[in-house]
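Sequence lines, in order, name chains A and U. This note's numbering numbers the first residue of the first sequence as 1 and each following residue consecutively. This note's numbering numbers the first residue of the second sequence as 257 and each following residue consecutively. Structure, as structure tokens:
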Amino acid sequence: MNLLEAFNVSVTFKSFGYEVQAVKDVNFVLPLGSVVGVVGESGSGKSTFARVLSGIQLPTAGHVNYMGQGIQNGKTTYEGELRKAVQMVFQDPYSSLNPRMRIINAVAEAVKIHQQLGKEESIDIARKLLARMGISGIDAQKYPSSLSGGQRQRASVARALSVQPKVLVADEPTSAIDQSAQSQLLELFNELIKDGLSIVLVSHDLGVIRYLADNVYVMQNGSFVENGSASDIFQNPSNEYTRKLISSIPGHKLNS
Amino acid sequence: MTQPLVVIDHLKIDVRVTKARRLAIVDSATFNIERGQFIGLIGESGSGKTMLCRSLVGTLERRGAYISGGTLNFDGIDLVAASQKDWRGIRGKRIGYVPQSALAGPNPVMTIGAQLSEAIRQGEKMDSKQVHNRAIELLNIVKIHRPELVIRQYPYELSGGMRQRVMIACAIAQEPQLIVADEPTTGLDVTVQAEIMDLLQEIRKDLNTAIILVSHDLLLINEICDDIVVMHAGVTVEKLRSSQIKDTRHPYTQALYNSRIDIVEPRGKLVTIKGQPPTVGAWPSGCRFAGRCDFVKDSCSVEKEIPLITVGDNHGTACLQYSEIWK
Numbered sequence: 001m002n003l004l005e006a007f008n009v010s011v012t013f014k015s016f017g018y019e020v021q022a023v024k025d026v027n028f029v030l031p032l033g034s035v036v037g038v039v040g041e042s043g044s045g046k047s048t049f050a051r052v053l054s055g056i057q058l059p060t061a062g063h064v065n066y067m068g069q070g071i072q073n074g075k076t077t078y079e080g081e082l083r084k085a086v087q088m089v090f091q092d093p094y095s096s097l098n099p100r101m102r103i104i105n106a107v108a109e110a111v112k113i114h115q116q117l118g119k120e121e122s123i124d125i126a127r128k129l130l131a132r133m134g135i136s137g138i139d140a141q142k143y144p145s146s147l148s149g150g151q152r153q154r155a156s157v158a159r160a161l162s163v164q165p166k167v168l169v170a171d172e173p174t175s176a177i178d179q180s181a182q183s184q185l186l187e188l189f190n191e192l193i194k195d196g197l198s199i200v201l202v203s204h205d206l207g208v209i210r211y212l213a214d215n216v217y218v219m220q221n222g223s224f225v226e227n228g229s230a231s232d233i234f235q236n237p238s239n240e241y242t243r244k245l246i247s248s249i250p251g252h253k254l255n256s
Numbered sequence: 257m258t259q260p261l262v263v264i265d266h267l268k269i270d271v272r273v274t275k276a277r278r279l280a281i282v283d284s285a286t287f288n289i290e291r292g293q294f295i296g297l298i299g300e301s302g303s304g305k306t307m308l309c310r311s312l313v314g315t316l317e318r319r320g321a322y323i324s325g326g327t328l329n330f331d332g333i334d335l336v337a338a339s340q341k342d343w344r345g346i347r348g349k350r351i352g353y354v355p356q357s358a359l360a361g362p363n364p365v366m367t368i369g370a371q372l373s374e375a376i377r378q379g380e381k382m383d384s385k386q387v388h389n390r391a392i393e394l395l396n397i398v399k400i401h402r403p404e405l406v407i408r409q410y411p412y413e414l415s416g417g418m419r420q421r422v423m424i425a426c427a428i429a430q431e432p433q434l435i436v437a438d439e440p441t442t443g444l445d446v447t448v449q450a451e452i453m454d455l456l457q458e459i460r461k462d463l464n465t466a467i468i469l470v471s472h473d474l475l476l477i478n479e480i481c482d483d484i485v486v487m488h489a490g491v492t493v494e495k496l497r498s499s500q501i502k503d504t505r506h507p508y509t510q511a512l513y514n515s516r517i518d519i520v521e522p523r524g525k526l527v528t529i530k531g532q533p534p535t536v537g538a539w540p541s542g543c544r545f546a547g548r549c550d551f552v553k554d555s556c557s558v559e560k561e562i563p564l565i566t567v568g569d570n571h572g573t574a575c576l577q578y579s580e581i582w583k
């Protein structure tokens, strides 16, 4: 069973008469209950593709299916109930939370709107969610500015999970946080995977991908140049570019 | 025996919050930098890494911070007492600086050539032809292709990696004795990061420049530096050779080393450092890692500063329990 599928997706941006093709005719599959990693350098189109999967960006050509059903209807994506199915965690925890809202309210707002509950109930659910993400009572009452990068990123995950999605699209969730905060976040993802959440993990950090992903797609200049199971890609990369990526991981020389 | 290039001893840096209120950002930084040494400084956000870098290039004042105690000595010059005039002879000439953000580093309204010539003109007098040639030479050193074109371009026309190369070119224009590189590869790709690190190593070999590289990536530092200085909550907790990393004598360094994800099986158990680092201004007395440490004892929180204890050749740790932990 494939949860998300992308067929021949292309995205072209037009600016000042130039056309930039960010994503070129790619096919992608996210099986139910699995973690699929997308790796590539900046400018390779990873983030654009992640936005297409989560319905924020409309593809110029091709289409995306959720459970065998197209997500797009004219210019809208994920209509109605479907909207809750796919949620996104953004790259920058410093700009993805409203600085004028307390963390608990930011999460409760999403619960209130999507689950159509009263204020008290939503705050209660939000509190439980945040506690599960390791953000306890006092910290939940704080504004984003008084939390560390790692805590903010976990709060963003809590907000994304508040609507009980089936798929989480995480766009470079660990690139802006410290190493110790990174391990905490990865542990958290690990638990969520055990609970059956499917994740599309976009990253240029191959260490993170190796740790979490079942399948890996390698992206270069808007196309997937290689894909396969994570162990295959890391043990015998067939593509020149993949090999270059793997050899640039710090500490790689240490282990080999 | 020759003098070390930089001597940092119990350096304290405070920030003025209000007229009366002071906040210590760096409390006790202690380490030396030898000539031509590649030294790595590692710590979490808020551990005082960046402030320490700023003290080495004399730009603390601009952030409302100042050195409130300890020694900071560069090649025999006392930098704590240095005036702005003294700094003009040091900053950019004898100490080069590569800033944190490659994307915000270069001035957006100046061409690359104009910025490079500013750096070049700090030294001996040159006519414009010589400056131009030197700029091309510098761009070649940092391996920028088509330097004749790049010299006329603006920063927005270059990629992050290229901008960082330009910043490095500016830093080495006067062939300084020390380059301070404050997280030069944050926000850049792993492949670009590897290229920039190769470049720094080459520069250090060719110009015999000492480099201090700041990062929160222990693996990166361990791979390319000779020596590692570990900072936690404004204090140097350990200094050691990178070859000794497996024989660390501080629980914080050990936790950092063990929390790397490349050694565990996919989805295996990760070692995490529990909790958050103590907040600036609310530092506990005694060992500041005590609240997150697995080996903590009552004696760790005695009300005094824990000095660096020498445990071997070029190896010091600020852990009181090290002999207990590593029997």
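Cβ atoms here follow ideal geometry from the backbone N, Cα and C, with glycine treated the same way.
Please classify residue i: does DSSP put it in a helix, a strand, or coil?
i	result
F551(U)	coil
H506(U)	coil
R523(U)	coil
G17(A)	coil
Y241(A)	helix
P534(U)	coil
V202(A)	strand
G326(U)	strand
P411(U)	helix
F545(U)	coil
M366(U)	coil
T12(A)	strand
G80(A)	helix
D25(A)	strand
Q87(A)	strand
Examine chain A for any beta-carbon lying closer than 8 Å to the beta-carbon of residue i, and answer yes or no.
i	result
D473(U)	yes
G416(U)	yes
E240(U)	Residue 240(U) is absent from the structure shown; chain U starts at 257 and stops at 583.
P411(U)	no
L564(U)	no
I452(U)	no
R523(U)	yes
I529(U)	yes
For residue i, would you say it is in contact with chain U, using Cβ-to-Cβ distances shorter than 8 Å as the test?
i	result
L197(A)	no
A230(A)	yes
S256(A)	The predicted position of S256(A) is uncertain, since its pLDDT is 41 and thus under 50; a value taken from the coordinates is nonetheless stated next. No, S256(A) lies away from the interface with chain U (no Cβ there is under 8 Å from its Cβ).
Q141(A)	no
D124(A)	no
P250(A)	yes
H204(A)	yes
With 16 other CB atoms within 10 Å as the buried threshold, where does residue i fall?
i	result
N389(U)	exposed
F287(U)	buried
S256(A)	With a pLDDT of 41 at S256(A), under the threshold of 50, the modelled position of that residue is not reliable, and no figure is offered here.
P237(A)	buried
P269(A)	Look at the range of chain A in this structure, 1 to 256, and you will see that residue 269(A) is not part of it.
S91(A)	What sits at residue 91(A) in the sequence shown is Gln, not Ser. Result: buried.
E413(U)	exposed
V273(U)	exposed
S384(U)	exposed
D554(U)	exposed
Which one or two residues does DSSP pair with residue i in a beta bridge?
i	result
F294(U)	I467(U)
N227(A)	Y217(A)
R272(U)	R278(U)
V491(U)	S284(U), H488(U)
R497(U)	D483(U)
H63(A)	F7(A)
Beta-carbon separation of residue i and residue j under 8 Å?
i	j	result
V398(U)	R421(U)	yes
R584(U)	D482(U)	Absent from the structure is residue 584(U), since the part of chain U shown begins at 257 and ends at 583.
V527(U)	D205(A)	no
L161(A)	A155(A)	no
F224(A)	V26(A)	yes
D178(A)	G150(A)	yes
V354(U)	A437(U)	yes
I113(A)	L130(A)	no
V448(U)	G490(U)	no
T327(U)	D270(U)	no
A85(A)	P165(A)	yes
G542(U)	C556(U)	yes
F49(A)	V38(A)	yes
L30(A)	L58(A)	no
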